Amino acid sequence: VQLQASGGGLVQAGGSLRLSCEISRSIGNIYVAGWYRQAPGKEREQVAIIISGGSTVYGDSVNGRFTISRDNAKNTVTLQMNSLKPEDTAVYYCKVVATWGRRDFWGQGTQVTVSS
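Residue numbers (the working numbering): 970 to 1085.
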């Protein structure tokens, strides 16, 4: 398994969850790491990405509530989700783009459910 996501679950609106994605070192250097989500009946959307230099980009719907970070020593990318809303309910996927060849790698999804 090259990307292992964890941390999903059920939480009440207003609560917090922390998603973590462990990245296999076999992928090599990472150009971009990010989180995406897909709700039932909707297309997969970008939630947040972090670029190798440390720059971050957030989707409009999560800006100010979610924070993405990378731990290069542990080779993980984390998504801290605060002030969760029912509309945040989705399967969340981590994705990285390898520096070499710009190849995409996807992790398995982790379910996040926010109850009202």
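Quick reminder that beta carbons are idealized off the backbone N, C-alpha and C, glycines included.
From a predicted model like this one, the values you see are computed outputs, not experimental measurements.
Exercise. How many Å lie between Y1027 and S989 at the Cα?
Worked result: As a position in the sequence shown, residue 1027 is number 58, starting the count at 1. As a position in the sequence shown, residue 989 is number 20, starting the count at 1. About 17 angstroms.
Exercise. To the nearest whole angstrom, what separates the beta carbons of L1111 and G984, a pair I think is in contact under 8 angstroms?
Worked result: Because residue 1111 is not part of the residues shown, which for the chain are 970 to 1085, the question remains open.
For this session: State yes or no: is the C-beta of G1028 nearer than 7 angstroms to some heavy atom of the ligand PLP?
Result: Judged by which ligands are present, the structure shown has none, so any question about the ligand PLP falls away.
For this session: Just the C-alpha distance for R994 and T1045, rounded to the nearest angstrom, thanks.
Result: Residue 994 sits at position 25 when you count from the first residue of the sequence shown. Residue 1045 sits at position 76 when you count from the first residue of the sequence shown. Whole-angstrom Cα-Cα distance: 10 angstroms.
Problem set entry | R1071 versus S975 - alpha carbon distance | In the sequence shown, the residue the question calls residue 1071 occupies position 102. In the sequence shown, the residue the question calls residue 975 occupies position 6. Going from the Cα of R1071 to the Cα of S975 covers about 24 angstroms.
For this session: Run the CB neighbour count on A1042, radius 10 Å, all protein chains shown included, and call it buried at 16 or more, exposed below.
Result: As a working mapping, residue 1042 is identified with position 73 in the sequence shown. Result: exposed.
For this session: Would you mind sorting L972 into buried or exposed? The rule is 16 or more other CB atoms within 10 Å of its CB.
Result: Along the sequence shown, one-based indexing puts residue 972 at 3. Burial state of L972 is buried, judged by a 10 Å Cβ sphere holding 16 or more other Cβ atoms.
Exercise. Out of curiosity, what's the CA-to-CA distance linking Q981 and T1025?
Worked result: For the purposes of this step, residue 981 is taken as the residue at position 12 of the sequence shown. For the purposes of this step, residue 1025 is taken as the residue at position 56 of the sequence shown. Distance between the alpha carbons of Q981 and T1025: 27 angstroms.
For this session: List the DSSP bridge partners of I996.
Result: Along the sequence shown, read from residue 1 onward, the residue named residue 996 stands at position 27. Beta-bridge analysis with DSSP links I996 to no other residue.
Exercise. Do you know offhand how far V1065's Cα is from E991's?
Worked result: Within the sequence shown, residue 1065 is the residue found at index 96, counting from 1. Within the sequence shown, residue 991 is the residue found at index 22, counting from 1. Distance between the alpha carbons of V1065 and E991: 11 angstroms.
Exercise. With 16 other CB atoms within 10 Å as the buried threshold, where does W1069 fall?
Worked result: Numbered from its first residue, the sequence shown carries residue 1069 at position 100. Label assigned to W1069: exposed.
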